[in-house]
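These protein sequence lines are chains A, B and C, in that order. Heads up: the first sequence at position 174 corresponds to 174 in this note's numbering, and the numbers run straight through without jumps. Here this note's numbering = 1-based position in the second sequence + 1000. Here this note's numbering = 1-based position in the third sequence + 2000. Each residue gets a CB set at the ideal place from its N, CA and C atoms; glycine is no exception. Model, not experiment: these values are computed from the prediction. Each remark here refers to the structure printed beneath this line.
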Amino acid sequence: MSFSTVSFLSDYGLVDEFAGVVKAVIGAIAPGTTVVDITHQVPAHDVRAGGLTLARSIQYLLPGVVLGVVDPGVGSSRRAIAVEVGTDPAGNGDGVGEGIGVSVLVGPDNGLLAPAAAIAGGARRAVSLTNTDYHLDAPGQTFAGRDIFGPVAAHLCLGVDLAELGEEIDPLSLIPGIIPLSRQEDDRVEAEVLWIDRFGNVQLNVDPSEIAEMGDRVLVSRGETTRAAVRVASYADLAAGQVGLVVDSYGLLAVALNRRSAAEELHLAPGDGVSLAMAAE
Amino acid sequence: MSFSTVSFLSDYGLVDEFAGVVKAVIGAIAPGTTVVDITHQVPAHDVRAGGLTLARSIQYLLPGVVLGVVDPGVGSSRRAIAVEVGTDPAGNGDGVGEGIGVSVLVGPDNGLLAPAAAIAGGARRAVSLTNTDYHLDAPGQTFAGRDIFGPVAAHLCLGVDLAELGEEIDPLSLIPGIIPLSRQEDDRVEAEVLWIDRFGNVQLNVDPSEIAEMGDRVLVSRGETTRAAVRVASYADLAAGQVGLVVDSYGLLAVALNRRSAAEELHLAPGDGVSLAMAAE
Amino acid sequence: MSFSTVSFLSDYGLVDEFAGVVKAVIGAIAPGTTVVDITHQVPAHDVRAGGLTLARSIQYLLPGVVLGVVDPGVGSSRRAIAVEVGTDPAGNGDGVGEGIGVSVLVGPDNGLLAPAAAIAGGARRAVSLTNTDYHLDAPGQTFAGRDIFGPVAAHLCLGVDLAELGEEIDPLSLIPGIIPLSRQEDDRVEAEVLWIDRFGNVQLNVDPSEIAEMGDRVLVSRGETTRAAVRVASYADLAAGQVGLVVDSYGLLAVALNRRSAAEELHLAPGDGVSLAMAAE
């Protein structure tokens, strides 16, 4: 089993050379590998945001190697891991099994990879990356993307088996990710803001089915402030200044305005709590 | 006719995973395709800026597929289109004809692609992307780059003909792009700022031939403020603080300073009107 | 001798189309070439910062073509150059010699490439890029990345020899780069801030051996302000708010905090002077 693509997410930013050097290292070890940058602008050290981004993206990244590096504990005792997900264990070469091929997630064991692994069906196998034969020598311990994770991702592309990369560990021992769940309370849904995108759309952890009874107008409350939102299919269906609820591209509800930032309009940030309730007739 | 390269411009930004996921989708459908990021930092919803950027770039992107996504009307009734430009209609495989090979522009029908199509010689054929066999299933309608445009670009690379992608439409029915024209008034040229680049250089919609009579010193006016600019060939020819007019890399006049921002110095922004006039002897 | 990879650093930013167009040009001349973006967000015109970034990265970029464009003198009399570095002069095809294969650095002769060339063992050959057969025609002289450096990098990938690209010049005539050296004064080390990374870590031009006598606690002074820093192996070894000195990923000392910006905490910027001294028992 080998791979031709590494999907790469990090909090390295694009000003320093970090992401570029990791890609150069991957290319040197496994020439011809395609590296797809998912984003390198996860907020610094924000494991939650990185984990949610990987979770949103993962179904489009498989089969392949997924390299995630948001790693405030770099160089400490936190484990470096590779996690196999997906089906097709026989490795029959078609790369697919029940819709998702076998793939490997590589990164620190701090919860970053866990939400994506869960969405991909859960970890089948996991190893701690203790075999330094597959790492680069380095003067310091602060750049594991270049010295450990990148080289391991490249060797996985070349066909190195997980078992070669280090000692097998119990998938149940991995640090879990945090995916906040919404909850029904009386006639309200208590939700949380998962993500604000570039356009200011506010993704909530709410499936449309959870508010199916509420009809076309829904009250969106944050603390003392309440706004009425109308259910629409696209941003352009909203009049100027009108607050809407759309089913976003990941199938979750998002608060949105037409060509304006809903996050600014409603003063919402990731992690904020939001209540949804039916509007009076 | 197939393509090996997709040039990709959008207003997705580089913080969210949007551009990365589109590239992953293209790679999954058409493995080995090279995706060249032109920019993903077109200002949000700014069709004019995106259209001008594509127009500046287009001659360097052909032959190939050009994917442009600045799409405030995503999910609404605006059409999704593919537009064939260039010559070599016989598809003889050499990829060139009268200087530009046949290429396909893919994106929303909102004027974004029109300036580039015009520069590439005009639309030869156009289709509305109504054949959902070439799209991805998606829970919402807000991410056409991932679900429609990216998959279509990938299938074009694989050799799918335009006619397979949807119903043919009249190229004359496409939404036109807006390219502001300069005009001669008395002894002045009334111009408009097209673009401010990272270095603060101010591109005007003025060909050097339009001010050929004005000599080496030209008055640049914005409202009540007038500055004298000297014609030079390169930024380094300017003394510290001196305002210059250079022929920029696209053959248009740009107001510039040496190692400083002309846009800041002259308080200019895209869309601003500027007058050029001959300086007194 | 040909190359499959161009590593590309510039101050073009990622908002304008500059970097994308250069990559399109490289791909058109040398299809299949992998372009690795090191960074395009070197501060505008900052040759020192670009040179240090290339110097940090260079060992991971070889063998290959390295394209560096931070070029405030574009279009002026400053030379455009290609510089051959590394060993394996016989070109026996294995791409390595004493650890580094032959590589070529391409860019302006303004000191940008010099620190990297020095780290790669020094310039073996150099040419001034005077042969316009390998350039693109262009209306203006302001975009040498697209019109000169990018095309030359692509032709080098195709196997064009340095001698074809222009007249040979004496490597000793190249503009040198500036790498500030630390110095021992009494019992202090007078250092300079080389780089602040995204996380606020402050890289100094000091090798750990220079403070080997100082023990585990070191006084870090900037002007009148002194902070005690503790020597640690990783950021996570630091208590909240504690200032540390780590050996960074390039083997130099860096002032750091755990999950906070040392640059903000100590008010340090690139180029600032810093003193290191032993703490009293």
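{"Item": "Compare the C-beta of C:PHE2143 against all C-beta atoms of chain A and say whether one is closer than 7 Å.", "Value": "no"}
{"Item": "At a cut of 8 Å, does the stretch 2124–2132 of chain C reach the stretch 2078–2089 of chain C through at least three beta carbon pairs?", "Value": "yes"}
{"Item": "Is there a Cβ of chain B sitting closer than 7 Å to that of C:HIS2267, yes or no?", "Value": "no"}
{"Item": "With DSSP as the reference, please indicate the residues paired to A:ILE211 in a beta bridge.", "Value": "In DSSP, A:ILE211 forms no bridge with anything."}
{"Item": "Closest to A:SER103 by C-alpha separation, out of A:SER4, A:ASP216, A:GLU213 and A:ALA191, would be which residue?", "Value": "A:SER4"}
{"Item": "When you compare the CB of B:VAL1021 with every CB in chain A, is at least one pair closer than 7 Å?", "Value": "yes"}
{"Item": "With respect to the alpha helix (DSSP H) encompassing C:THR2053, which residues constitute its N-terminal and C-terminal limits?", "Value": "2047–2057"}
{"Item": "Can you check whether the CB of C:THR2039 is closer than 7 Å to the CB of A:GLY20?", "Value": "yes"}
{"Item": "Take the Cβ of B:GLN1203 as the centre, count every other Cβ of all protein chains shown within 10 Å, and call the residue buried at 16 or more, exposed below.", "Value": "buried"}
{"Item": "Chain C beta carbons: is any one of them nearer than 7 Å to that of B:VAL1038?", "Value": "Per the sequence shown, the amino acid found at residue 1038 of chain B is Ile instead of Val. Yes, its Cβ sits closer than 7 Å to a Cβ of chain C."}
{"Item": "Which residue wins for smallest C-alpha separation from B:VAL1206, given the options B:ASP1216, B:ALA1191, B:ASP1248 and B:THR1033?", "Value": "B:ALA1191"}
{"Item": "Taking Cβ-Cβ distances below 9 Å as the criterion, which residues of the stretch 1236–1258 of chain B are in contact with chain C?", "Value": "ALA1236, ASP1237, VAL1246, VAL1247, ASP1248, SER1249, TYR1250, GLY1251, LEU1252, ALA1254, ALA1256 and ASN1258"}
{"Item": "How about A:HIS155 and A:ASP147: are their beta carbons less than 7 Å apart?", "Value": "no"}
{"Item": "Using a Cβ-Cβ cutoff of less than 6 Å, which residues in the same chain neighbour B:SER1182 once the five nearest sequence positions on both sides are dropped?", "Value": "VAL1189, ALA1191, ASN1205 and VAL1206"}
{"Item": "Entirely within the stretch 1210–1255 of chain B and at least 3 residues each: give me those beta strand (DSSP E) ranges in chain order.", "Value": "1217–1222, 1225–1231 and 1244–1247"}
{"Item": "Roughly how many angstroms separate the alpha carbons of C:VAL2096 and B:ARG1260, rounded to a whole number?", "Value": "In this prediction, C:VAL2096 scores a pLDDT of 34, lower than 50, which makes its location untrustworthy; no coordinate-derived value is stated."}
{"Item": "Take A:GLU164 and list the residues in its own chain whose beta-carbon comes closer than 7 Å to its own, dropping the five residues that flank it on each side.", "Value": "ASN131"}
{"Item": "With a threshold of 16 other CB atoms inside 10 Å of the CB of A:ALA49, please say whether the residue is buried or exposed.", "Value": "buried"}
{"Item": "How long is the line joining the alpha carbons of B:GLY1244 and B:ARG1056, rounded to whole angstroms?", "Value": "22 Å"}
{"Item": "Taking DSSP as the reference, what is the three-state secondary structure of B:VAL1102?", "Value": "coil"}
{"Item": "State buried or exposed for B:ALA1239, treating a residue as buried only when at least 16 other CB atoms are found within 10 Å of its CB.", "Value": "exposed"}
{"Item": "Using beta carbons (cut-off 7 Å, strictly below), is B:GLN1041 in contact with chain C?", "Value": "yes"}
{"Item": "For the stretch 126–187 of chain A, list the alpha helix (DSSP H) runs that are entirely contained and at least 4 residues long, ordered along the chain.", "Value": "150–158"}
{"Item": "Whose C-beta lies closer than 6 Å to the C-beta of A:THR226 among residues of the same chain, with five residues either side of it excluded?", "Value": "LEU219"}
{"Item": "Below 8 Å, how does it come out for the stretch 22–33 of chain A and the stretch 2055–2073 of chain C: are there three or more Cβ pairs, yes or no?", "Value": "yes"}
{"Item": "Mind checking the stretch 1072–1088 of chain B against chain A and listing, in chain order, the residues whose C-beta falls within less than 7 Å of any C-beta there?", "Value": "PRO1072, GLY1073, VAL1074, GLY1075 and SER1076"}
{"Item": "By Cβ distance, which residues of its chain are closer than 8 Å to A:LEU266, with the 5 residues on each side in sequence left out?", "Value": "VAL202, VAL220, ARG222, THR225, ARG227, VAL243 and VAL255"}
{"Item": "Is C:ALA2114 closer than 7 Å to C:GLY2177 when the C-beta atoms are compared?", "Value": "yes"}
{"Item": "Output yes or no for whether 7 Å exceeds the beta carbon distance between A:LEU9 and A:LEU52.", "Value": "no"}
{"Item": "Does the beta-carbon distance from C:VAL2106 to C:PHE2149 come in below 7 Å?", "Value": "yes"}
{"Item": "DSSP on B:PHE1003, reduced to helix/strand/coil?", "Value": "coil"}
{"Item": "Tell me which residues share the same chain as A:GLY166 and place their Cβ nearer than 7 Å to its Cβ, disregarding the 5 neighbours each side in the sequence.", "Value": "VAL127, SER128, LEU129, THR130 and ASN131"}
{"Item": "When DSSP labels each residue in this structure, what does C:VAL2202 get in the three-state scheme?", "Value": "strand"}
{"Item": "Bridge partners for A:VAL65 per DSSP, in chain order?", "Value": "A:VAL6 and A:VAL104"}
{"Item": "Output needed for A:ASP187: all residues of its chain with C-beta closer than 7 Å, excluding positions within five of it in sequence on either side, in chain order.", "Value": "ALA277 and MET278"}
{"Item": "Output, in sequence order along the chain, the residues in the stretch 1187–1201 of chain B whose CB is closer than 7 Å to any CB in chain C.", "Value": "ASP1197, ARG1198 and PHE1199"}
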